[in-house]
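Notes follow once the structure below has been shown.
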Amino acid sequence: MAAHAERLKTNHAPFMRTLHGEIRRHPGGYVEIARELGRPAQTLINMFSPVETDTAPPADLLLDVIAIVGARGALGLLASEIGCGLQDARPIELGDDVEAWRRVVVEMGEALATGAQALADGHFDAAERICMAKELDDVIRTAQALRQQMLR
Numbered sequence: 330m331a332a333h334a335e336r337l338k339t340n341h342a343p344f345m346r347t348l349h350g351e352i353r354r355h356p357g358g359y360v361e362i363a364r365e366l367g368r369p370a371q372t373l374i375n376m377f378s379p380v381e382t383d384t385a386p387p388a389d390l391l392l393d394v395i396a397i398v399g400a401r402g403a404l405g406l407l408a409s410e411i412g413c414g415l416q417d418a419r420p421i422e423l424g425d426d427v428e429a430w431r432r433v434v435v436e437m438g439e440a441l442a443t444g445a446q447a448l449a450d451g452h453f454d455a456a457e458r459i460c461m462a463k464e465l466d467d468v469i470r471t472a473q474a475l476r477q478q479m480l481r
């Protein structure tokens, strides 16, 4: 176990340091997490301490603790090691989604109507191009706002 613990805490030192800090900052810290998991607090402290290389948490305990504390910082480090990032998947109010989507549809409809009217003679003149650019800017701005809302 000591070799495994040393490898984990050496090869993934930033992850273990960050997770240790997140556990300590969690309400109740190690004591509360130990109570929740039915384990001695000192055992958890030793297993998750980034400097204690004689012992490390088994995978099931590591995953349980990550789930309890959220561990966004530690998980973010792991994700970045493989070129990824974390994204919130928290639900947002349905009314917010519906209203934001409605705004995109309205802006898109206005842009299409303006474009159809401008194309009635078969081409865009300079004034029509300026008007279309404004309409497209409005569509893009509204769609970007919706996109940001969806990623919150």
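In this text, residue positions in the sequence shown follow our numbering: the first is 330, and each later residue adds one. All C-beta atoms in this analysis are idealised placements derived from N, C-alpha and C, irrespective of residue type, glycine included.
In the DSSP assignment, I374 falls within the alpha helix (DSSP H) that extends over A370 to F377. Counting only runs that start and end inside the region 385 to 423, the alpha helix (DSSP H) elements of at least 4 residues fall at 388 to 398 and 401 to 410.
Boundaries of the alpha helix (DSSP H) harbouring L337: A331 to N340, taken from the DSSP string. The DSSP-derived three-state label of E381 is coil.
Rounded to the nearest angstrom, the gap between the Cα atoms of D389 and C460 is 60 angstroms. Out of P386, H333 and G451, the CA that lies nearest to the CA of H349 is found in P386.
For A363, the uninterrupted alpha helix (DSSP H) segment begins and ends at G358 to L366.
Each of A342, A332 and A447 was checked against the Cα of L406, and the nearest Cα belongs to A342. Here D454 carries a coil assignment [DSSP, helix/strand/coil].
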